[in-house]
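Worksheet: one structure, shown below.
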Amino acid sequence: MQLEYNVRGVELSDLHKIMTLYKAVAARSGGIARQVDEITEAYVRNFIKRCHETGIILTIEDPSNPGILIAEVHTCSPGIKVFSHLLSDLTIAVHPDYQGKGLGSLLFRTLLQEIKSKHPEIRRVELIAKESNQKAIRFYKKFGFRVEGRLKNRISGKTGGLEADIPMAWIRQD
Ligand SMILES: CC(C)(COP(=O)(O)OP(=O)(O)OC[C@H]1O[C@@H](n2cnc3c(N)ncnc32)[C@H](O)[C@@H]1OP(=O)(O)O)[C@@H](O)C(=O)NCCC(=O)NCCS
Numbered sequence: 222m223q224l225e226y227n228v229r230g231v232e233l234s235d236l237h238k239i240m241t242l243y244k245a246v247a248a249r250s251g252g253i254a255r256q257v258d259e260i261t262e263a264y265v266r267n268f269i270k271r272c273h274e275t276g277i278i279l280t281i282e283d284p285s286n287p288g289i290l291i292a293e294v295h296t297c298s299p300g301i302k303v304f305s306h307l308l309s310d311l312t313i314a315v316h317p318d319y320q321g322k323g324l325g326s327l328l329f330r331t332l333l334q335e336i337k338s339k340h341p342e343i344r345r346v347e348l349i350a351k352e353s354n355q356k357a358i359r360f361y362k363k364f365g366f367r368v369e370g371r372l373k374n375r376i377s378g379k380t381g382g383l384e385a386d387i388p389m390a391w392i393r394q395d
C-alpha cells in the first residue's frame with residue numbers, strides 16, 4: 222500500500238520529537254549548522270515559540286508511526302517593523318533515512334504556497350547554506366531561491382577549516 226505523507230503545523234508538544242529529528246540529522250547527514258549537543262530543549266522551544274508568534278513551522282509525520290517526525294521546516298520574522306515584510310532564519314531538515322524521496326520538496330512547496338496565499342505581506346524569504354552543501358543549494362534553487370553572494374570564511378567546516386556561507390533569497394514576483 223502506498224504511504225501518504227501529510228504536512229501539518231507544529232505544536233509545542235512536538236518539541237521532543239523535533240529534537241530527536243534534528244539530532245539524527247546533525248549526527249548522520251549534517252547540513253544544519255548545529256552539532257548534536259547543541260540541539261537543546263531551549264533551542265527547539267525557542268524557535269517553535271518564535272515561529273508561532275511571527276513565522277511558519279511545518280512538519281511531516283511518519284505515516285506508519287505518527288509519534289515520529291521525519292521532516293520539519295521553519296522560518297520566522299526578525300521581529301522588528303522594518304523587517305515585517307520578510308521571513309528569515311529558514312531551516313529545513315529531513316530525517317537521513319527519508320532524504321531523496323521528495324519529502325523536502327513536499328514540505329517546501331507547502332511552505333511557499335502558504336506564504337504566497339496567506340501572507341501577502343511577505344515579500345522576501347531568506348536563508349544561508351554552507352557552500353559545501355550543494356545538495357541544499359540545488360534544492361533551494363529548484364524553488365526559486367537565488368544566490369545573493371558569498372560570505373567567505375564564515376563557518377567552520379567538518380575538517381576544522383573555514384568555509385563560505387551562501388546567502389540565498391526568494392523574492393515575491395507579483
Ligand atoms: C536538503 C534537504 C532538505 C532536501 O530534502 P529531500 O527530501 O532530501 O529532497 P527531495 O527528495 O525533495 O529532492 C529535492 C531536490 O533536492 C536535491 N537533492 C535531493 N537529494 C539529492 C542528492 N542525494 N544529491 C543531490 N541533490 C539532491 C535535488 O535538487 C532534488 O531535485 P530533483 O527531485 O529534481 O532531483 C534534505 O536532504 C536534508 O534535510 N538535508 C540535511 C539538512 C540540510 O542540509 N538542510 C538544509 C540546511 S541549509
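Residue numbers for the sequence shown follow this note's numbering, so the first one is 222 and each next one is one higher. Ideal Cβ positions, reconstructed from N, Cα and C, are used throughout, including at glycine. As the structure is a prediction and not an experimental result, all values here were calculated from the model.
Check, Outcome
"For residue 296, the residue or residues it bridges with in DSSP", "277"
"For residue 325, the first and last residue of its enclosing alpha helix (DSSP H)", "324-339"
"C-alpha gap between residue 349 and residue 370, whole angstroms", "10 Å"
"Nearest candidate by alpha-carbon position, reference residue 321, set 359, 296, 233, 332", "359"
"C-alpha distance - residue 383 paired with residue 223, whole-angstrom precision", "44 Å"
"One or two residues paired with residue 367 in a DSSP bridge", "390"
"Cβ-heavy atom distance, residue 227 to ligand 1, below 6 Å", "no"
"Distance, residue 291 Cα to residue 324 Cα", "9 Å"
"Cβ-heavy atom distance, residue 305 to ligand 1, below 6 Å", "no"
"Beta-carbon contacts of residue 229 that lie in its chain and below 8 Å, excluding the five residues immediately before and after", "279, 280, 281, 282"
"Residue 239: first and last residue of the uninterrupted alpha helix (DSSP H) it sits in", "236-249"
"Cβ-based burial, residue 258 [other Cβ within 10 Å; buried from 16]", "exposed"
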